[in-house]
Amino acid sequence: CWRGVDEVVQLLLSADCSVDQQNNLGETPLWLVAREASAGGDGRVELLKKLIAAGAQPDRPDARGRTALMEAAELGDPQMCEALLHAGCNPSLKEPRLKVSASDLAAKSPAAAAVFRKMLAEPGASIGGSDSSHPQAS
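Under full-length UniProt numbering, the residue at position 29 of the sequence shown is numbered 29, and the numbers go up by one with no gaps.
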């Protein structure tokens with residue numbers, strides 16, 4: 001449930017633990033926040049911002065090669081997609097087995113697709129960013 005993820009992430013942050021620690025499925029706290037976004041809960045975008053500020057790697061994949069942005073896009077969550085794109089997630093990274101990107105997955109949700117179009121059309125937006133691994137939307 002969302003409440004459990006929120007409490008665990010807050011505990012990790014307060015205990016000065018690695019914010020990129022992975023569980024047995026390769027999911028990081030940031031990944032879990034993106035997945036649990038569909039369960040709702042106030043403060044999830046703020047929690048994501050705290051994880052990023054604490055050094056979480058936004059494009060770190062799980063054991064299947066899926067990123068948090070892919071998960072949020074597949075769930076069709078426009079708020080989480082926007083927050084992850086602002087955090088520097090690369091929408092073009094492909095899931096290795098199915099060869100789909102977050103952009104591909106977002107296309108199935110009108111709300112998520114609109115966020116991707118808006119964010120990538122902003123002045124200064126680029127896929128890959130300055131180091132070719134993160135988009136930058138100014």
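All C-beta atoms in this analysis are idealised placements derived from N, C-alpha and C, irrespective of residue type, glycine included.
(request) Please name the residue in H86, L51 and K99 whose C-alpha comes closest to that of S14. (result) Closest by C-alpha distance to S14, out of H86, L51 and K99, is L51.
(request) Compare the Cα-Cα distances from N23 to each of G88, D16 and R64 and report the closest residue. (result) Minimum Cα distance to N23 is reached at R64.
(request) Measure from the alpha carbon of L93 to the alpha carbon of each residue in D6, H86, A54 and A68, then state which is nearest. (result) A68
(request) Look up S14 in the DSSP assignment and say whether it is helix, strand or coil. (result) Three-state result, S14: helix.
(request) Could you name each continuous alpha helix (DSSP H) segment of 4 residues or more that falls completely within the stretch 19-51, going from the start of the chain to the end? (result) 29-36
(message) The alpha helix (DSSP H) that contains L93, what's its start and end?
(response) Unbroken run through L93: none, as it is neither H nor E.
(message) What would DSSP say about S101, mapped onto helix, strand or coil?
(response) strand
(request) Using beta-carbon positions only, say whether L75 and L48 come within less than 8 angstroms of one another. (result) Cβ distance not < 8 angstroms, so L75 and L48 don't count as in contact.
(message) Can you list, in chain order, the residues of its chain with a C-beta nearer than 8 angstroms to that of C89? Leave out the 5 residues immediately preceding and following it.
(response) P58, D59, T67, A68, L69, A102, H134 and P135
(request) Can you give me the Cβ contacts of V5 inside the same chain, cut-off strictly under 6 angstroms, excluding the 5 residues immediately before and after it? (result) L32 and E36
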